[in-house]
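Heads up, the thing below is written out as structure tokens.
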Amino acid sequence: MRAIVVRRFGGPEVLEPVEVPVPEPGPGQVRIRVAAAAVNPVDVATRAGWLTEAGVIPPRAVLGLGWDVAGTVETPGGGFAAGDAVIGLRDRIATPLGAYAEQIVLDASAVAPAPAGVTAFEAATLPLNALTAAQALDLVETTGSVLVTGAAGAVGGYAVALAHARKLRVVAVASEADEADVRGFGADEFVPRGPSLGDRVRALVPGGVDAVLDTALLGLDALDAVRGGGEFVAFAAGAAPLPLRGVRVRSVWIRADGERLAELARLAANGTLPLRVAGVLPLAEAAVAHERMAAGGLRGRLVLAP
Numbered sequence: 390m391r392a393i394v395v396r397r398f399g400g401p402e403v404l405e406p407v408e409v410p411v412p413e414p415g416p417g418q419v420r421i422r423v424a425a426a427a428v429n430p431v432d433v434a435t436r437a438g439w440l441t442e443a444g445v446i447p448p449r450a451v452l453g454l455g456w457d458v459a460g461t462v463e464t465p466g467g468g469f470a471a472g473d474a475v476i477g478l479r480d481r482i483a484t485p486l487g488a489y490a491e492q493i494v495l496d497a498s499a500v501a502p503a504p505a506g507v508t509a510f511e512a513a514t515l516p517l518n519a520l521t522a523a524q525a526l527d528l529v530e531t532t533g534s535v536l537v538t539g540a541a542g543a544v545g546g547y548a549v550a551l552a553h554a555r556k557l558r559v560v561a562v563a564s565e566a567d568e569a570d571v572r573g574f575g576a577d578e579f580v581p582r583g584p585s586l587g588d589r590v591r592a593l594v595p596g597g598v599d600a601v602l603d604t605a606l607l608g609l610d611a612l613d614a615v616r617g618g619g620e621f622v623a624f625a626a627g628a629a630p631l632p633l634r635g636v637r638v639r640s641v642w643i644r645a646d647g648e649r650l651a652e653l654a655r656l657a658a659n660g661t662l663p664l665r666v667a668g669v670l671p672l673a674e675a676a677v678a679h680e681r682m683a684a685g686g687l688r689g690r691l692v693l694a695p
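Under this note's numbering, the first residue of the sequence shown carries the number 390, and numbering increases by one thereafter.
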């Protein structure tokens, strides 16, 4: 079968199409025929070698790419039958085969029924980004206000929608051009990106917000917007600021969770979560997808179709 792998680090040109054996599932696993695989920034970081340099991925001769998958079950197991439409998350990233492939094997516990009424391309944008947003929000105890930075991004958009569904007061930070979309996700207040973020947020929420979900990795600028003794969630290794003013600072580390993913799929099916596809390309054009991601300006995720 066809797959895309990395044998050396570098730019999009190092993405290598290969023929590999069809993977065989073990106990508690399912094999999925991939219909769509989302392209995420973590794939770029893996390809470029940044995660290996940071000690997140150990040196490997071959690395597969792709966390998100939507497709159909080929081998039954874990409560799934052959032919079931599913989505799943590959969170073991130091493996030689990822979702950039025609087929993939995942633990059944990392798989969930696909959201009803949406395309596989839309469904593939859900697992990594929505689970990250949900697991970050789980770290927050407040029932009051929350600031979401990068609110127009894939993770940020889900964070806004999930916080709104939890009935929190949501203050969103994004580009002025994205205000209408972000408010559509459920933001109660909008603050354009720019300097003096803390002052501008505090003008809307005197004393500062109760919590921050810093998907844009603003660090201290976002911390300045939270009240003393509030909560702050960082979204990348090394991105957590010091816990100034008694703010509780935590980092979210994504993990596969099929049960939670099934809940998120139901929210996507009923329109609570926005599924945004920036474009669909053939698997063979993975390098083009990485080039387009590097160019910036995307809203939603690019998706590869084997």
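For every residue, glycine included, the Cβ atom is placed at its ideal position computed from N, Cα and C.
Same chain, Cβ closer than 7 Å to residue i, neighbours up to 5 away in sequence not counted
i, result
"Ala654", "Ile476, Ala501, Pro502, Ala503, Pro504 and Leu515"
"Glu511", "Leu664 and Val666"
"Val445", "Ala626"
"Gln418", "Gly466, Val494, Leu495, Asp496 and Ala497"
"Ala550", "Phe574, Gly575, Thr661, Leu662 and Pro663"
"Ala519", "Tyr547, Leu653 and Leu662"
"Arg589", "Val580"
Own chain partners of residue i with C-beta closer than 6 Å, once the 5 adjacent residues on each side are dropped
i, result
"Leu609", "Pro630"
"Ala499", "Gly477, Leu478, Ala645 and Gly647"
"Ala623", "Asp603, Ala629 and Ser640"
"Gly545", "Val537, Gly539 and Thr604"
"His553", "Val559 and Gly575"
"Pro695", "Val423, Glu491 and Leu672"
"Leu687", "Ala667"
"Gly533", "Asp599"
"Gly587", "Asp613 and Ala614"
Per DSSP, the bridge partner or partners of residue i
i, result
"Val537", "Ala561 and Leu602"
"Arg637", "Glu620"
"Thr464", "Arg420"
"Pro632", "Pro632 pairs with nothing; no bridge assigned."
"Gly453", "Val394"
"Asp496", "Gln418"
"Ala501", "Ile476"
"Pro671", "Ala694"
"Phe469", "Gly466"
DSSP-derived helix/strand/coil call for residue i
i, result
"Pro485", "coil"
"Glu405", "strand"
"Pro584", "coil"
"Leu664", "coil"
"Ala427", "strand"
"Leu352", "Residue 352 lies beyond the range of the chain shown here (390 to 695); nothing can be said about it."
"Ala678", "helix"
"Glu413", "coil"
"Ala658", "helix"
"Glu648", "helix"
"Pro516", "helix"
"Glu578", "strand"
"Val615", "strand"
"Ala554", "helix"
"Ala569", "helix"
"Val458", "strand"
"Ala543", "helix"
"Ala434", "helix"
"Ala525", "helix"
"Ala490", "strand"
"Val445", "coil"
"Ala592", "helix"
"Ala719", "With the chain running from 390 to 695 in the structure shown, residue 719 is simply not present."
Cut-off 8 Å between Cβ atoms - residues of its own chain near residue i, not counting five sequence neighbours on either side
i, result
"Glu405", "Ile393, Val394, Val395 and Arg396"
"Ala683", "Pro401 and Val433"
"Gly399", "Arg436, Ala437 and Gly438"
"Glu568", "Phe579 and Pro581"
"Arg420", "Val411, Pro412, Glu413, Pro414, Val462, Glu463, Thr464, Gln492, Ile493 and Val494"
"Leu528", "Glu620, Val622, Arg639 and Val641"
"Ser564", "Ala541, Pro581 and Arg582"
"Thr531", "Leu557, Asp599, Ala600, Gly619 and Glu620"
"Ala658", "Pro504, Ala505, Gly506 and Val507"
"Gly617", "Gly597, Arg634, Gly635 and Val636"
Assess, as a yes-or-no matter, whether the segment 640 to 651 is touched by the segment 516 to 526 under the definition of 3 or more beta carbon pairs within less than 8 Å.
yes
Is it true that the segment 418 to 433 meets the segment 452 to 470, where meeting means three or more beta-carbon pairs spaced less than 8 Å apart?
yes
Kindly confirm or deny that the segment 613 to 627 and the segment 591 to 601 touch, where touching means at least three C-beta pairs closer than 8 Å.
yes
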